[in-house]
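First residue of the sequence shown? That's 1 in the numbering used here, and the numbers climb one at a time after it.
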Amino acid sequence: MTETRANTKKLFIKTYGCQMNVYDSDRMGDALAPHGYEPTLDIAQADLVLLNTCHIREKASEKVFSELGRLKELQTERRAMGGDMMIGVAGCVAQAEGEEIARRAPVVDMVFGPQAYHRLPDMLAKAEAQRQLHPSMKRAVIDTDFPEEDKFEHLPLPKKEVTIKRGLTAFLTVQEGCDKFCSFCVVPYTRGAEVSRPVAQVLAEARGLVEAGVKEITLLGQNVNAYHGDDKGRSVGLGELAYRLAEISGLERLRYTTSHPRDMDDALIAAHRDLDILMPYLHLPVQSGSDSILKAMNRRHTAAEYMTLIERIKTARPDMALSGDFIVGFPGESDQDFEDTLRIIADVGYASAYSFKYSTRPGTPGANLGDQIGEVVKNERLWRLQELVNKQTTAFHASCVGKTLPVLIERPGRMPGQVGGRSPYLQAVHLNGGTELIGAIHQVEIVGTSTNSLVGQLRQAVAA
Ligand code: SAH
Ligand code: SF4
Ligand code: F3S
1 MTETRANTKK LFIKTYGCQM NVYDSDRMGD ALAPHGYEPT LDIAQADLVL LNTCHIREKA
61 SEKVFSELGR LKELQTERRA MGGDMMIGVA GCVAQAEGEE IARRAPVVDM VFGPQAYHRL
121 PDMLAKAEAQ RQLHPSMKRA VIDTDFPEED KFEHLPLPKK EVTIKRGLTA FLTVQEGCDK
181 FCSFCVVPYT RGAEVSRPVA QVLAEARGLV EAGVKEITLL GQNVNAYHGD DKGRSVGLGE
241 LAYRLAEISG LERLRYTTSH PRDMDDALIA AHRDLDILMP YLHLPVQSGS DSILKAMNRR
301 HTAAEYMTLI ERIKTARPDM ALSGDFIVGF PGESDQDFED TLRIIADVGY ASAYSFKYST
361 RPGTPGANLG DQIGEVVKNE RLWRLQELVN KQTTAFHASC VGKTLPVLIE RPGRMPGQVG
421 GRSPYLQAVH LNGGTELIGA IHQVEIVGTS TNSLVGQLRQ AVAA
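Structural data, given as C-alpha cells:
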C-alpha cells in the first residue's frame, strides 16, 4: 500500500524523442519522489509539469513551444481556481537553447539539460523561492552545465514497488553522449562527450531491476556499443558487459540500442554467438547506401564495410534480425545516391527501419553545406524508401508463420481473453490466453500476421 501524504504533489512528465529520454523521465520522477512528488496521468491536476524534449529534427523542437502555449492556458485556468502549476523544460532542446526558451516562453520556471537531472530538487527549491520573491516577474532557473560529478551516483534508484509498477521490461542507460559528430546530428552538442557508467554501477542497477521482477533489460546509449565502463581500473566493452549481465539469475532477455557500425567489435559479435540471453535483433543504422553521402555525413565507413559487418554478425548469429535508420535528402544526394540506399536496403533485408527526411540543424556542419534537396524530392524518396521497408517488414513477419517462438507475455491483450508480448525479434505477438500467462516466456506457435504484429497460439509453458 502506498502512503498518501497530505502534502503530496502531482508530477506530470511529457516525454519526446528517444528511449534515453524515456529512461531519463523515470529517473527524474525517482529524484522527485523523496520530495513528495508522485506521478499523475492527468496533466490538469499536475503541480509540476516537465517537458522532456528532443532536438533531433526541426519539427521535434518546435513541438515544445506549441506545448508551452497550451500549458500557459492550463496554468491560467488553475490559477483562476486558486491553484498553480510549475513548468520545467528538460532534455535536448533545453540543453541546446537554454536561456532562449525562458525568453520565448516566460511561463517556464526551469530550463535544464540532461546532465543536470540529479540537481532537480535543488532547482525546484530555487524556482519556488523565485516565485515567492518575484511573483509577477520571476526569472527562470537555468542549468545547462555539464557537471564534473557523476550524475548517476547522485540520482536515486527507484523503490522496488515503483519498479514493479513499471513492468517486466526496463531500460538501463549505460552510456551517454557521442563523440562521432555525424555532420547532420545535434546529439554530440546536446548530450556532450561519450561517458560510460562503471560496470559495478550497471550491474547493481540491473540486479535491482531483476529483484523487482524485470525479465528483460534494454541497455541504452546514444552510442551504446561504444560503451567502455571502468571495472576496477580496467576498461570493459559492451560485449564483456553482456557476459557479466548474463550471470544475473532471473534476467531472461538482454537488448541494447543504439549502435554505430564502427563500434561493433569482435567481442560483441562473439557475445551474440555465445549468449542466449542476448536477443537476435540489432538496430544498426547505416543512414545511406552511397559512399559519397556516407563520407559527407562523416559516418566513417563505406557501404561495403557495412555489408561485410552484417555478414560477420549473421555468421555469429544466423537468425539475427536487423533494423536501421535512414536519412533521405541529405545535401547533395543525387538520384544515384538514393538508388544506392534502396540497394543496400534490398541487400540487407531489414525486419524494420526508421526513415527521416533530412532536417537542417543549426550548429551542425551539415547546415553549412550547399545543394540542399527540395521538399518534393525528399517526400518522393521517403515514400519510395518506406514502401520498400514496409514490404520487407511484412515479408519478415510472414516468414515467422509456422514457427514456434519464445514470447515474453507482458500484458493483457486488446480483446478480453487475449494477452500480448514480444518475440525475440521485438515483434508484438497477440494470442488467446489468461492473464496468468503474464510474466513469463511461453512457447508460442505463430499462426498469422496482422498489420504490425503476429498472431500466436500457446504451445506449452517453459519450466521456470
Ligand atoms: N545515436 C543514434 C541515434 C541518433 S538519432 C545513432 O547514432 O544512430 C536517431 C536517428 O535520427 C539517426 O539515426 C538519424 O537517422 C536521424 N537523424 C539524426 N539527425 C537527423 C537530421 N538532422 N535530420 C533527419 N534525421 C536525423
Ligand atoms: Fe548522432 Fe552520429 Fe552520434 Fe548517432 S553516431 S548520435 S547519428 S552523431
Ligand atoms: Fe532527441 Fe536528444 Fe534523444 S535530440 S533523439 S532526445 S538524445
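Glycine residues also receive a C-beta, built at the ideal position from the N, C-alpha and C atoms.
As the structure is a prediction and not an experimental result, all values here were calculated from the model.
Cβ pair residue i, residue j closer than 8 Å
| i | j | result |
| --- | --- | --- |
| His283 | Thr190 | no |
| Ile313 | Ile269 | yes |
| Gln386 | Tyr350 | no |
| Gly237 | Tyr227 | yes |
| Thr40 | Lys63 | no |
| Phe326 | Ala353 | yes |
| Val465 | Arg300 | Only positions 1 to 464 of the chain appear in this structure, which leaves residue 465 out of reach. |
| Arg273 | Arg317 | yes |
| Val429 | Gly420 | yes |
| Leu155 | Ala31 | yes |
Backbone secondary structure at residue i - three-state DSSP
| i | result |
| --- | --- |
| Val419 | strand |
| Leu74 | helix |
| Gln392 | helix |
| Pro39 | strand |
| Thr163 | helix |
| Leu133 | helix |
| Pro406 | strand |
| Ala353 | strand |
| Gln427 | coil |
| Glu3 | Caution applies to Glu3, whose pLDDT of 43 falls short of 50 and renders its modelled position unreliable; the model cannot decide the point. |
| Ala463 | Unreliable placement is indicated for Ala463, whose pLDDT of 47 sits below 50; the coordinate value is still reported in the next sentence. In this structure, Ala463 counts as coil in the three-state DSSP scheme. |
| Gln114 | Here the sequence assigns Pro to residue 114, which means Gln is not the residue at that position. Helix, per DSSP. |
| Met86 | strand |
| Asn530 | A query on residue 530 cannot be resolved here, the shown segment of the chain reaching from 1 to 464 and no further. |
| Phe171 | strand |
| Glu445 | strand |
| Gln457 | strand |
| Asp143 | strand |
| Ser196 | strand |
| Leu322 | strand |
| Gln287 | strand |
Cβ separation of residue i and residue j, assumed to be a contact under 8 Å, to the nearest whole Å
| i | j | result |
| --- | --- | --- |
| Ala60 | Phe12 | Rounded, the Cβ-Cβ distance is 20 Å, inconsistent with contact. |
| Tyr243 | Leu220 | Actually they are not in contact, since the Cβ atoms of Tyr243 and Leu220 sit about 19 Å apart, beyond 8 Å. |
| Leu388 | Lys357 | With 8 Å as the limit, Leu388 and Lys357 do not qualify as a contact, their Cβ atoms being about 16 Å apart. |
| Ala271 | Gly233 | Actually they do not touch by this definition, with Cβ atoms about 22 Å apart. |
| Tyr256 | Ala321 | The Cβ separation is near 14 Å, so there is no contact. |
| Thr53 | Gly83 | Actually they are not in contact, since the Cβ atoms of Thr53 and Gly83 sit about 25 Å apart, beyond 8 Å. |
| Gln19 | Phe181 | 22 Å between Cβ atoms; not a contact. |
Reference residue i, options the options, closest by Cα
| i | options | result |
| --- | --- | --- |
| Met137 | Ser423, Ala105, Gln386, Ala206 | Ala105 |
| Tyr306 | Ser453, Ser290, Ile327 | Ser290 |
| Ile468 | Gly417, Gly448, Val447, Arg411 | This structure gives no information on residue 468, because the portion of the chain shown stretches from 1 to 464. |
| Asp143 | Ala94, Val108, Ser183, Arg103 | Ala94 |
| Leu342 | Asn298, Ala296, Gln287 | Gln287 |
| Phe146 | Glu194, Ser334, Met297 | Glu194 |
| Lys298 | Leu369, Pro280, Ser334, Ser323 | In the sequence as displayed, the identity of residue 298 is Asn instead of Lys. For the residues Leu369, Pro280, Ser334, Ser323, the minimum Cα distance to Asn298 belongs to Leu369. |
| Ile87 | Val22, Arg70, Asp109, Pro156 | Asp109 |
| Lys14 | Leu32, Glu58, Gly91 | Gly91 |
| Val199 | Asp24, Ala125, Lys63, Gly229 | Gly229 |
| Leu458 | Asp319, Asn432, Glu436, Asp265 | Asn432 |
| Glu99 | Met123, Leu133, Ala140 | Ala140 |
| Asp179 | Pro188, Thr173, Phe171, Leu172 | Pro188 |
| Ser355 | Thr218, Pro285, Ala125, Val455 | Pro285 |
| Val224 | Glu148, His118, Met264, Asp231 | Met264 |
Answer yes if the segment 196–206 comes into contact with the segment 427–447, meaning at least three C-beta pairs across the two stretches below 8 Å, and no otherwise.
no
Is it the case that the segment 109–126 contacts the segment 161–174, given that we only count it when at least three CB pairs across the two stretches are under 8 Å?
no
Segment contact flag, the segment 373–383 with the segment 396–415, C-beta cutoff 8 Å, min 3 pairs
no
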